[in-house]
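Those sequence lines, one after another, are chains G, Y, C and F. Numbered by numbering that gives the first Met the number 0, the letters in the first sequence go through residues 0 to 207 in order. Numbered by numbering that gives the first Met the number 0, the letters in the second sequence go through residues 0 to 207 in order. Numbered by numbering that gives the first Met the number 0, the letters in the third sequence go through residues 0 to 207 in order. Numbered by numbering that gives the first Met the number 0, the letters in the fourth sequence go through residues 0 to 207 in order. Heads up: the structure comes next, in structure tokens.
There are 4 protein chains.
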Amino acid sequence: MDAIRELTERFSQFPGIGPRQAKRFVYYLLTRPNGYLKEFSALVNELKGSITVCPSCFRFFPKRHENSSLCDICLDTHRSHEELMIVCKDVDLESIEKSHSFNGKYFVLGGTVPILDKEPNRKIRASELIKTITERKPELKEIILAVNFNPEGEHTSDYVSSLLKPIIANTPIIVSTLGRGLSTGTELEYSDSETLKNALEHRQSSNS
Amino acid sequence: MDAIRELTERFSQFPGIGPRQAKRFVYYLLTRPNGYLKEFSALVNELKGSITVCPSCFRFFPKRHENSSLCDICLDTHRSHEELMIVCKDVDLESIEKSHSFNGKYFVLGGTVPILDKEPNRKIRASELIKTITERKPELKEIILAVNFNPEGEHTSDYVSSLLKPIIANTPIIVSTLGRGLSTGTELEYSDSETLKNALEHRQSSNS
Amino acid sequence: MDAIRELTERFSQFPGIGPRQAKRFVYYLLTRPNGYLKEFSALVNELKGSITVCPSCFRFFPKRHENSSLCDICLDTHRSHEELMIVCKDVDLESIEKSHSFNGKYFVLGGTVPILDKEPNRKIRASELIKTITERKPELKEIILAVNFNPEGEHTSDYVSSLLKPIIANTPIIVSTLGRGLSTGTELEYSDSETLKNALEHRQSSNS
Amino acid sequence: MDAIRELTERFSQFPGIGPRQAKRFVYYLLTRPNGYLKEFSALVNELKGSITVCPSCFRFFPKRHENSSLCDICLDTHRSHEELMIVCKDVDLESIEKSHSFNGKYFVLGGTVPILDKEPNRKIRASELIKTITERKPELKEIILAVNFNPEGEHTSDYVSSLLKPIIANTPIIVSTLGRGLSTGTELEYSDSETLKNALEHRQSSNS
Numbered sequence: 000m001d002a003i004r005e006l007t008e009r010f011s012q013f014p015g016i017g018p019r020q021a022k023r024f025v026y027y028l029l030t031r032p033n034g035y036l037k038e039f040s041a042l043v044n045e046l047k048g049s050i051t052v053c054p055s056c057f058r059f060f061p062k063r064h065e066n067s068s069l070c071d072i073c074l075d076t077h078r079s080h081e082e083l084m085i086v087c088k089d090v091d092l093e094s095i096e097k098s099h100s101f102n103g104k105y106f107v108l109g110g111t112v113p114i115l116d117k118e119p120n121r122k123i124r125a126s127e128l129i130k131t132i133t134e135r136k137p138e139l140k141e142i143i144l145a146v147n148f149n150p151e152g153e154h155t156s157d158y159v160s161s162l163l164k165p166i167i168a169n170t171p172i173i174v175s176t177l178g179r180g181l182s183t184g185t186e187l188e189y190s191d192s193e194t195l196k197n198a199l200e201h202r203q204s205s206n207s
Numbered sequence: 000m001d002a003i004r005e006l007t008e009r010f011s012q013f014p015g016i017g018p019r020q021a022k023r024f025v026y027y028l029l030t031r032p033n034g035y036l037k038e039f040s041a042l043v044n045e046l047k048g049s050i051t052v053c054p055s056c057f058r059f060f061p062k063r064h065e066n067s068s069l070c071d072i073c074l075d076t077h078r079s080h081e082e083l084m085i086v087c088k089d090v091d092l093e094s095i096e097k098s099h100s101f102n103g104k105y106f107v108l109g110g111t112v113p114i115l116d117k118e119p120n121r122k123i124r125a126s127e128l129i130k131t132i133t134e135r136k137p138e139l140k141e142i143i144l145a146v147n148f149n150p151e152g153e154h155t156s157d158y159v160s161s162l163l164k165p166i167i168a169n170t171p172i173i174v175s176t177l178g179r180g181l182s183t184g185t186e187l188e189y190s191d192s193e194t195l196k197n198a199l200e201h202r203q204s205s206n207s
Numbered sequence: 000m001d002a003i004r005e006l007t008e009r010f011s012q013f014p015g016i017g018p019r020q021a022k023r024f025v026y027y028l029l030t031r032p033n034g035y036l037k038e039f040s041a042l043v044n045e046l047k048g049s050i051t052v053c054p055s056c057f058r059f060f061p062k063r064h065e066n067s068s069l070c071d072i073c074l075d076t077h078r079s080h081e082e083l084m085i086v087c088k089d090v091d092l093e094s095i096e097k098s099h100s101f102n103g104k105y106f107v108l109g110g111t112v113p114i115l116d117k118e119p120n121r122k123i124r125a126s127e128l129i130k131t132i133t134e135r136k137p138e139l140k141e142i143i144l145a146v147n148f149n150p151e152g153e154h155t156s157d158y159v160s161s162l163l164k165p166i167i168a169n170t171p172i173i174v175s176t177l178g179r180g181l182s183t184g185t186e187l188e189y190s191d192s193e194t195l196k197n198a199l200e201h202r203q204s205s206n207s
Numbered sequence: 000m001d002a003i004r005e006l007t008e009r010f011s012q013f014p015g016i017g018p019r020q021a022k023r024f025v026y027y028l029l030t031r032p033n034g035y036l037k038e039f040s041a042l043v044n045e046l047k048g049s050i051t052v053c054p055s056c057f058r059f060f061p062k063r064h065e066n067s068s069l070c071d072i073c074l075d076t077h078r079s080h081e082e083l084m085i086v087c088k089d090v091d092l093e094s095i096e097k098s099h100s101f102n103g104k105y106f107v108l109g110g111t112v113p114i115l116d117k118e119p120n121r122k123i124r125a126s127e128l129i130k131t132i133t134e135r136k137p138e139l140k141e142i143i144l145a146v147n148f149n150p151e152g153e154h155t156s157d158y159v160s161s162l163l164k165p166i167i168a169n170t171p172i173i174v175s176t177l178g179r180g181l182s183t184g185t186e187l188e189y190s191d192s193e194t195l196k197n198a199l200e201h202r203q204s205s206n207s
């Protein structure tokens, strides 16, 4: 197999990319200057060397030459240790950070648990989570399960809850999930009953 | 102008219909049997004769030959008089009814108030609303503003709130809005900050 | 069944309309002034009275009070009798007319012949076509089959060809089909092999 | 700038990729095994070393260790030298090859000439084309301009024609363009007048 085909196949495995766009990527690279490919190749090759996984929250972050191996969020002393948000992926964490609405710590599961999956422990960082919660139990007040509102997200949330239950039993730690209701742009006419029910249940007084 | 063009023009004004589909409607009618057009025409002609507006909640409903002129929801004695939900349109009311999550009464505004509109009173049933709230004040405990989560919905909600304020001042009546957060299918990665902030603010304990 | 539901059901049968949009149509009508509904209803009721089918080309056209019962295209003496274009539907004829690229006469089949249909004669004006071609045989030079380039169009074209064959055998009448190749906006990268093959086969010298 | 951001920025420049998908690519790479990244990086780095541009048709093709530096199409003695198809991009050539409808040689321009571009010669291989045509003039019978049927394609075709004109003047060489008409899936109702006009102009007898 020649290099065009081989690289096309690799790009076809990228998330959301079909064989046609994969080939366009390869031709795109072929028409770049030589230096560009060298640089791009080096960036890919050194990616894992310069990016590391935070041993505390398990998100990816750029390695630094300081003493600590923790990421900037975990190092940030202005963030509360009392709240821990569990997210599935790094991009979820980034979305939350961009909303500037959370000032606690995170734990990145590294994936979701598909429904009917027989080895859920292998899809997410289950043992790392158990260890983290066990250690931080004394200082924790709330664990927030921040998952997508779809069947796989729900299932992951249920599975994680079942992992947490024995650890936090007999502690005052609250386990919470993200609120449900109307999201930006939602129109009542086109809403499903589940969403409307949640929106009504969680309605808020606007008198204040 | 011939009948094909004239009817095409009428159909073009239907919500969501362009001139091309409008013309397809006309040819569709032209190829129906004669009896079909007679029936369809009669249905349109008699629509307003057989459908009336409920004098209490202002929704459209089929006229009955009984003594009362109220719609079935307003007549339903099993529904609470203490909660009144204000919706913009009949279809919104129908969505809520389909979700089986509300057991109070309704008020249909009949429209929304566009941002920058100079005569908001003419777009919605403002005076009817004022009259309704004034009359029912003694029995009301909560007024729910159920509007779309978009700028025009927000604006309508604000305007209606300003109408209600003087009437319910010094009463214990609560004015509430639909809860916000993740709606069915929402993925954190693709959520706007506003939605995430709402979801986090309204997070719920799942311990119970 | 009440009038809202009944009319919603009728609109649901309109081409391309689902139950939700159908209901929006009904509420649209309910919020029109009384006179509007009367007019609209009358337009529908009188549609077939004011529109008639041309006995020569079988297209719909507005009735006139003159002596002739033919449509304006069939009456137009500037149009050639030597070329007859067979189209499936009135909208196809209108598209061709709008392109100002044909100056002959038309015959509207009134539909297409679905693949595997057991009674093709009932889906299109087969006997009328046979009669028309038989009568006009002496003056005809070319019959153009103008159908959609999709399986059902092809099938209709094949079926019509089989109807024409015995009639025009031993005559110099040419039966032609629309040319194939690149249509406006076609990009080679995304074209199917069939289209490229046609485009190449029918390539044209640009020297002149 | 850290490696995640830097690589995200690179991927954002890939054809059809926005910043969000670019970031997903980076996280996709981060979760691959170490060996995968090494391999992928090597493939990118060696791409231009193993793929070369054919000095005759200017398409990209995998280098071989044989004596000839020509691509397999240019080497193929079963393909006619009398027909030369000029295409804008490698993917266009591949589409044509996949249709198995052309058995001549190719010339890849390497791009298109944008409308209003002031230096068209820099966007395509103009001088190489002039050289190629000048050399092969004696054996050429037809030059086929195979471009997209859109304004930029048309403009490129016009520009290339103007380059060819002085070279092939006083030769019997035909310059042709791809045929136009209905492409697969085209429906008359939704066709533009230009396409219908072409389809009608290039209609074909189906008598044979």
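Heads up, the beta-carbon is just placed ideally off N, CA and C, and yes, glycines get one too.
* Identify the continuous alpha helix (DSSP H) that holds Phe39 of chain Y and give its terminal residues. => The sequence position of residue 39 of chain Y within the second sequence is 40, counting from 1. Residue range Asn33 to Ser49 is occupied by the alpha helix (DSSP H) that includes Phe39 of chain Y.
* To do: Kindly list the residues whose CB is nearer than 7 Å to the CB of Thr131 of chain G, restricted to its own chain and excluding five residues on each side of it in sequence; keep chain order.
  => The residue given as residue 131 of chain G occupies position 132 in the first sequence. Correct list, in chain order: Phe106.
* To do: State the CB to CB distance for the pair Glu85 of chain G and Ile143 of chain G, rounded to an integer number of angstroms; the pair is presumed to be in contact (CB under 8 Å).
  => Along the first sequence, one-based indexing puts residue 85 of chain G at 86. Along the first sequence, one-based indexing puts residue 143 of chain G at 144. For the sequence presented, residue 85 of chain G should be read as Ile rather than Glu. Confirmed, Cβ separation roughly 7 Å.
* Asked: By Cβ distance below 7 Å, which residues in the same chain neighbour Cys73 of chain F in space, the five residues on each side in sequence not counted?
  -> If you number the fourth sequence from 1, residue 73 of chain F lands on position 74. Cys53, Ser55, Cys56 and Lys104, listed in sequence order.
* Asked: Are there 16 or more other CB atoms within 10 angstroms of the CB of Gln12 of chain F, so buried, or fewer, so exposed?
  -> Position 13 of the fourth sequence holds residue 12 of chain F. Exposed.
* Asked: Helix, strand or coil: how does DSSP classify Ala21 of chain C here?
  -> Taking the first residue of the third sequence as 1, we reach residue 21 of chain C at position 22. Here Ala21 of chain C sits in helix by DSSP.
* Just the chain F side, please: which residues come within less than 7 Å of Lys122 of chain C by C-beta, in chain order? => Sequence index remark: in the third sequence, residue 122 of chain C carries index 123 (1-based). The contacting residues do not exist; Lys122 of chain C stays about 17 Å from chain F at best.
* To do: Starting from Phe60 of chain C, follow its DSSP beta bridges and name the residues at the other end.
  => Indexing the third sequence from 1 puts residue 60 of chain C at position 61. DSSP, once it has assigned bridges, lists C:Thr51 as partnering Phe60 of chain C.
* To do: Report yes or no: is there a C-beta of chain G within less than 7 Å of the C-beta of Ala145 of chain F?
  => Working through the fourth sequence from its first residue, we reach residue 145 of chain F at position 146. Taking Cβ atoms only, chain G never reaches closer than 7 Å to Ala145 of chain F, which makes this a no.
* Using a C-beta cutoff of 7 Å, does Val174 of chain G count as contacting chain F? -> Your numbering for residue 174 of chain G matches position 175 in the first sequence. For Val174 of chain G, the answer is no, since every Cβ of chain F falls outside 7 Å of its Cβ.
* Interface flag, Leu177 of chain F vs chain C, CB-CB below 7 Å -> Numbered from 1 along the fourth sequence, position 178 holds the residue referred to as residue 177 of chain F. So, interface residue.
* To do: Just the C-alpha distance for Ser207 of chain F and Glu141 of chain F, rounded to the nearest angstrom, thanks.
  => In the fourth sequence, counting from the first residue as 1, residue 207 of chain F sits at position 208. In the fourth sequence, counting from the first residue as 1, residue 141 of chain F sits at position 142. Note that Ser207 of chain F scores 47 on pLDDT, short of 50, meaning its location in the model is unreliable; the coordinates nonetheless yield the value given after this. Answer to the nearest angstrom: the Cα atoms are 27 Å apart.
* In the structure shown, what three-state DSSP assignment does Glu151 of chain Y receive? -> Residue 151 of chain Y sits at position 152 when you count from the first residue of the second sequence. Here Glu151 of chain Y carries a helix assignment [DSSP, helix/strand/coil].
* Asked: If we cut at 7 Å on Cβ distances, does Ser207 of chain G have a partner in chain Y?
  -> As a working note, residue 207 of chain G is residue 208 in the first sequence. Annotation note: pLDDT 46 at Ser207 of chain G (below 50); position unreliable, no value reported.
* Which class does Ile95 of chain C belong to by DSSP, given the choice of helix, strand or coil? -> Indexing the third sequence from 1 puts residue 95 of chain C at position 96. Three-state result, Ile95 of chain C: helix.
* Compute the Euclidean distance between the alpha carbons of Tyr27 of chain G and Tyr35 of chain G, then round it to the nearest angstrom. => Your numbering for residue 27 of chain G matches position 28 in the first sequence. Your numbering for residue 35 of chain G matches position 36 in the first sequence. Cα to Cα, Tyr27 of chain G sits roughly 11 Å from Tyr35 of chain G.
* Partners in chain C for Ser11 of chain Y, counting only beta-carbon separations shorter than 7 Å -> Indexing the second sequence from 1 puts residue 11 of chain Y at position 12. The contacting residues do not exist; Ser11 of chain Y stays about 12 Å from chain C at best.
* To do: Taking Ile132 of chain C as the query, report the chain F residues whose CB atoms sit under 9 Å from its CB, ordered along the chain.
  => For the purposes of this step, residue 132 of chain C is identified with residue 133 of the third sequence, where counting begins at 1. Simply none; closest approach about 14 Å.
* From F:Leu83, F:Lys117 and F:Phe101, residue whose alpha carbon lies closest to that of Leu163 of chain F -> Your numbering for residue 163 of chain F matches position 164 in the fourth sequence. For Leu163 of chain F, the nearest C-alpha among the options comes from F:Leu83.
* To do: Kindly indicate the opening and closing residues of the beta strand (DSSP E) around Ile143 of chain G.
  => By one-based count along the first sequence, residue 143 of chain G stands at place 144. Unbroken beta strand (DSSP E) run through Ile143 of chain G: Glu141 to Ala145.
* To do: In angstroms with no decimal places, state the Cα-to-Cα distance between Ser79 of chain G and Glu45 of chain G.
  => Translated into the one-based positions of the first sequence, residue 79 of chain G becomes position 80. Translated into the one-based positions of the first sequence, residue 45 of chain G becomes position 46. About 33 Å.
* Asked: Using the rule of at least 16 other Cβ atoms within 10 Å of the residue's Cβ for burial, across every protein chain shown, is Lys117 of chain Y buried or exposed?
  -> By one-based count along the second sequence, residue 117 of chain Y stands at place 118. With fewer than 16 other Cβ atoms within 10 Å, it is exposed.
* To do: Could you tell me whether the Cβ of Ala168 of chain G comes closer than 7 Å to any Cβ of chain Y?
  => Here the question's residue 168 of chain G lines up with position 169 in the first sequence. No, no contact with chain Y.
* Asked: Hey, is the stretch 177–187 of chain C in contact with the stretch 168–186 of chain F, meaning 3+ C-beta pairs nearer than 8 Å?
  -> Segments in contact, yes.
* For Lys97 of chain G, which residues in chain Y fall below 7 Å Cβ to Cβ? -> One-based indexing of the first sequence puts residue 97 of chain G at position 98. Simply Ser192.
* Identify whether Arg4 of chain Y lies in helix, strand or coil by the three-state DSSP scheme. => Here the question's residue 4 of chain Y lines up with position 5 in the second sequence. The answer is helix: DSSP assigns Arg4 of chain Y an H, G or I state.
* Beta bridge counterpart(s) of Phe101 of chain F as assigned by DSSP -> For this step, residue 101 of chain F is matched to residue 102 along the fourth sequence. According to DSSP, which records beta bridges pairwise, Phe101 of chain F is partnered with nothing at all.
* By the 10 Å Cβ neighbour count, where 16 or more other Cβ atoms means buried, how is Thr170 of chain C classified, buried or exposed? -> Start at 1 with the first residue of the third sequence, and residue 170 of chain C comes out as number 171. So Thr170 of chain C counts as exposed.
* Asked: Do we get a CB-CB distance below 7 Å when we pair Ser182 of chain F with the residues of chain C?
  -> On the fourth sequence, residue 182 of chain F is found 183 positions in, with the first residue counted as 1. Taking Cβ atoms only, chain C reaches closer than 7 Å to Ser182 of chain F, which makes this a yes.
* To do: For Asn197 of chain G, count neighbouring Cβ atoms within 10 angstroms of its own Cβ and tell me buried if that reaches 16, exposed if not.
  => For the purposes of this step, residue 197 of chain G is identified with residue 198 of the first sequence, where counting begins at 1. It is buried - the Cβ of Asn197 of chain G has at least 16 other Cβ atoms within 10 Å.
* To do: Provide the residue(s) that pair with Arg179 of chain G in DSSP beta bridges, ordered along the chain.
  => Locating residue 179 of chain G in the first sequence gives position 180, counting from the first residue. Per DSSP, Y:Leu181.
* Asked: Using DSSP with H/G/I as helix, E/B as strand and the rest coil, what is Phe106 of chain G?
  -> As a working note, residue 106 of chain G is residue 107 in the first sequence. Looking at Phe106 of chain G - three-state DSSP - the assignment turns out to be strand.
* Examine chain C for any beta-carbon lying closer than 7 Å to the beta-carbon of Phe39 of chain Y, and answer yes or no. => Taking the second sequence and counting its residues from 1, one reaches residue 39 of chain Y at position 40. Yes - at least one Cβ of chain C is within 7 Å of the one on Phe39 of chain Y.
* Asked: Out of curiosity, what's the CA-to-CA distance linking Arg124 of chain F and Leu108 of chain F?
  -> Looking up residue 124 of chain F in the fourth sequence gives position 125. Looking up residue 108 of chain F in the fourth sequence gives position 109. Between Arg124 of chain F and Leu108 of chain F, the C-alpha separation is close to 5 Å.
* **Alpha-carbon to alpha-carbon, Arg9 of chain G and Ile50 of chain F** => Your numbering for residue 50 of chain F matches position 51 in the fourth sequence. Your numbering for residue 9 of chain G matches position 10 in the first sequence. Ile50 of chain F and Arg9 of chain G: Cα-Cα distance of roughly 17 Å.
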